[in-house]
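**Q** The structure's right below; bear with me while I get my questions together.
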């Protein structure tokens, strides 16, 4: 099944809005077995919309269009498409009643403008949109060609896609359906080249599935993709490959797909009935923020100290002044003392400590910008490591927070 | 000047990659006076690329194409376009020498494959790419139609755009150049509807400039856009409108364009020689992380406590147990005690404190999810406010961090 996407909006062309709808539609449609052969973006102008819809229908016979905000503009798209497929607009009584009920619930009269939202191309299927006033429309012309019109608001688009469009696409394909599906194995603490040495030999063996390396500040994701296979076959092959990739990546693999190492750490803490405290300097609260972003963090997380000025390191964390003077704030001795200090301060059995130079200033030949000391402590065992991270201030801080969480993950896995 | 964009990549259509290049090109080209009339994305297939380039040239006579990673795929795009405009590929000796020098510097021999990267369509202008091996190409056909080919790697694309493409586009337009330019006034702590009451009357008076309201978790941005005006005229009108918008938004306006309220607060702290400490519960380190994300934060920021468990509120911040028991952790009394406790702990004259219920659990009829108490303290003056934020856990936390920083900004502006 081949189709084209059309996203409508002058704001998209001007770059005021990044077209996240397009990416989301791409993933969902590929997984549902539809091949997107082209994507087009046009401004909010009837002639541009008409030309783009007509061309897409000529090429593939199926187009999904999003965008045109507010009742006025939605009507424009609808009117253009109705004319193009040779249908007149008729009032849908059910839609009108639903619209009126919606405004009644909000306690205000329905503006006359909204009445046009209840008009649909004759014979079109109305896709109910409980999240907004503009419904989706599934319009078929005399030759069986289909134009699906969806609102541009991401939340509304997503709802209609999942609840109305995907099931119809799946049903259209019957038992012939071929999907494009991906799974991701997340790794961290290993360079892309080193990971390739472990994983590379698997690549020829998993064909026709393909493997991509996706480096980011969180680590290197391994994305494996099955192209054009039957759904169950694709899922079974992906599951097998994911297992092989996890085994090859070893201790560097921390999860799959959208996994967050902070959530993995919290799971391990909960299982071991541990309690966590955090002491941060250069990450300035990012480690604690990552942990507390996970619902239920309060089961294991006690608290944190952002020891930005040295006086906080000595006063709150009891890092000896002599340690700071002899070794500096960015040193193994200091990060170990911070981890111990946090353990006392929070009466926690597990702690994480970070101290480093995020830049842009503050670097020296000995300790250049990017130098970070990390420590994780479980009971009386401490792992401390020095890393020199590349990138700008924000990237160094994000890499340091990820590495600090990962250090505790590894220590908990060993203990 | 009208043109079309073409982004090439199967990964874009599958939604594995969000097309940020397209948005960036949109902004830069509009500001340089080019109107993008259509944007197309096609997979890495010669027939799809050929069709899309040919159609774009037929419609506007000017296309900018990005994408096709690695030497093999770049050659595909180049070969297709050369054929389309009737030019043969010839070896560019200068380009070959530069490529060989690049590999020599890396200390390894140049693979034979890369030699094809030195081939260019006869007569094309080579746009040097110091950030990668694939140069940009400016190809003109016999009828004066132009295809500009850029690599898809965002860093390389951006460099070539700014250094090579935009200056040529500006020069082509001569004195006739008409640009689309925007400026943004950032506001926070005021609802969109209330802001519209203040700003609405200005709208008809600023025509042909237009105004858009852009709500986000940080507040409501007011974006004013000048369409198709001469550059200096556009800049002068925008500057005047920005002044009027700032005046109308009053104390709710905190900056322009990419301004961050954390940076505004740090500027005010530096000016007043203040020192800042932070005490956070539900935001879990996000306020401190926002502050320390700004280079030079150490001039004013001492440190923070993430008082997630109540024991940290009592032990580190000296919030009286009776206060917690009588009023609860999410209360005016507690947030005030946290702000005072942070002042003592950090010997800071300014503090921010936050305590609330981010959800998804923990809400009660009295204090539903989203209830947050915020305090800002300067010397002995404390402002405390209660807010009930909408959204999910992440959104509530981000709104709370922004509101907490803004509370201190307002208090510093008054003092």
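Protein chains in written order, with the working numbering: chain A, -8 to 406; chain B, -8 to 406.
The beta-carbon is built from N, C-alpha and C at its ideal position, and this holds for glycine as well.
1) Quick one: grab the DSSP three-state call for residue 165/A.
2) Can you confirm whether residue 277/A, when its beta carbon is compared against all beta carbons of chain B, has any partner nearer than 8 Å?
3) Among the residues of its own chain, which have a CB less than 8 Å from the CB of residue 228/A, if the five just before and after it don't count?
4) Excluding the 5 residues flanking residue 389/A on each side, which residues of the same chain have their C-beta closer than 6 Å to its C-beta?
5) Whole beta strand (DSSP E) runs in the stretch 336 to 392 of chain B with 3 or more residues, listed along the chain?
6) Looking only at DSSP bridge pairs, what is residue -1/B linked to?
7) Taking the alpha-carbon of residue 336/A as reference, which of 313/A, 365/A, 369/A and 296/A has the nearest alpha-carbon?
8) First and last residue of the beta strand (DSSP E) that includes residue 140/B?
9) Is the stretch 131 to 149 of chain A close to the stretch 12 to 31 of chain A, with three or more CB pairs under 8 Å?
10) Which residues, in order along the stretch 7 to 21 of chain A, keep a beta-carbon less than 9 Å from a beta-carbon of chain B?
11) Ordered along the chain, which non-local residues of its own chain (more than five positions away) have a Cβ less than 7 Å from that of residue 51/B?
12) Consider the Cβ of residue 295/A: report whether some Cβ of chain B lies at a distance smaller than 8 Å.
13) Since residue 204/B sits in a beta bridge, which residues does DSSP pair it with?
14) For residue 226/B and residue 172/B, I'd like the C-alpha separation in whole angstroms.
15) Counting only the same chain and skipping the five closest in sequence on each side, list residues whose C-beta sits under 6 Å from that of residue 260/B.
16) Counting only the same chain and skipping the five closest in sequence on each side, list residues whose C-beta sits under 7 Å from that of residue 82/A.
17) Report back the beta-carbon spacing between residue 204/A and residue 183/A to the nearest angstrom; my notes put them in contact at under 8 Å.
18) What is the residue span of the beta strand (DSSP E) that residue 183/B lies within?
19) In terms of alpha-carbon separation, which member of 380/A, 6/A, 141/A and 55/A lies closest to residue 34/A?
20) Taking residue 380/B as the query, report the chain A residues whose CB atoms sit under 9 Å from its CB, ordered along the chain.
21) Quickly, what does DSSP pair residue 110/B with across the bridge? List them, please.
22) Identify, in the order they occur along the chain, each residue of the same chain with its Cβ nearer than 7 Å to the Cβ of residue 155/A, setting aside the five sequence neighbours on each side.
23) What are the start and end residues of the beta strand (DSSP E) that includes residue 294/A?
24) From residue 97/A to residue 186/B, what distance separates their C-alpha atoms?
25) Mapping DSSP to helix, strand and coil, what is residue 156/A?
26) Using the beta-carbon count (16 or more within 10 Å), is residue 112/B buried or exposed?
27) Determine, using beta carbons only, whether residue 397/B and residue 299/B come nearer to each other than 8 Å.
28) Determine the DSSP secondary structure at residue 332/A, reduced to helix, strand or coil.
29) Got a sec? Which residues, its chain only, sit under 7 Å from residue 318/A by beta carbon, not counting five neighbours each side?
30) Given a cut-off of 8 Å on the beta-carbon distance, is the pair residue 57/B and residue 1/B in contact?
31) What is the DSSP secondary structure of residue 115/B, reduced to helix, strand or coil?
32) Per DSSP, residue 268/B is paired with what?
33) What would DSSP say about residue 99/A, mapped onto helix, strand or coil?
34) Which residues mark the beginning and the end of the beta strand (DSSP E) in which residue 128/A is found?
35) Tell me, please, whether the stretch 236 to 250 of chain B touches the stretch 158 to 177 of chain B by the rule of three or more beta-carbon pairs shorter than 8 Å.
36) I'd like to know whether the C-beta atoms of residue 31/B and residue 43/B end up nearer to each other than 8 Å.
**A** A quick look at the data gives this:
1) In the three-state reduction of the DSSP assignment, residue 165/A falls in the helix class.
2) Yes, contact with chain B.
3) Result list for residue 228/A: 197, 200, 217 and 220, in chain order.
4) Taken in chain order, the residues that qualify are 208.
5) Runs of the beta strand (DSSP E) inside the stretch 336 to 392 of chain B: 341 to 347, 362 to 369 and 372 to 379.
6) In the DSSP assignment, the residues bridged to residue -1/B are 33/B and 58/B.
7) Comparing Cα positions, the closest option is 296/A.
8) Residues 137 to 141.
9) Look at the beta carbons and you see the stretch 131 to 149 of chain A touching the stretch 12 to 31 of chain A: at least three pairs across the two are nearer than 8 Å.
10) Answer set for the stretch 7 to 21 of chain A: 7, 8, 9, 10, 11, 13, 14, 15, 16, 17, 18, 19, 20 and 21.
11) Within the same chain, residue 51/B has close Cβ partners -7, -6, -5 and 28.
12) Between residue 295/A and chain B, the shortest Cβ-Cβ separation is below 8 Å.
13) Residue 204/B is bridged to 213/B.
14) Cα-Cα distance, rounded: 8 Å.
15) 267 and 291.
16) Closer than 7 Å at the Cβ level, and outside the excluded window around residue 82/A, lie 109 and 110.
17) Yes, they are in contact, since the Cβ atoms of residue 204/A and residue 183/A sit about 5 Å apart, within 8 Å.
18) Under the DSSP assignment, residue 183/B falls outside any beta strand (DSSP E), being part of the alpha helix (DSSP H) whose first and last residues are 183 to 190.
19) For the set 380/A, 6/A, 141/A and 55/A, the Cα lying nearest the Cα of residue 34/A is the one of 6/A.
20) Within chain A, no residue comes near residue 380/B; the closest Cβ sits about 15 Å away, beyond 9 Å.
21) According to DSSP, residue 110/B shares a beta bridge with 82/B.
22) Only 118 and 127 meet the Cβ criterion.
23) From DSSP, the beta strand (DSSP E) with residue 294/A extends over 292 to 297.
24) Approximately 21 Å between the Cα atoms of the pair.
25) Here residue 156/A sits in helix by DSSP.
26) Buried.
27) 8 Å or more divides the Cβ of residue 397/B from the Cβ of residue 299/B.
28) Note: residue 332/A maps to helix in three-state DSSP.
29) Only residues of its own chain outside the window of five on either side were considered, and among them 324 and 325 have a CB closer than 7 Å to the CB of residue 318/A, listed in chain order.
30) A distance of 8 Å or more separates the beta carbons of residue 57/B and residue 1/B.
31) Look at residue 115/B here: in three-state DSSP terms it is coil, with no helix or strand label.
32) Answer is 294/B and 342/B.
33) In the structure shown, residue 99/A falls within a coil segment according to DSSP collapsed to helix, strand and coil.
34) Membership of residue 128/A in the beta strand (DSSP E) is indicated by the continuous run 127 to 131.
35) These segments touch.
36) Residue 31/B places its beta carbon less than 8 Å from that of residue 43/B.
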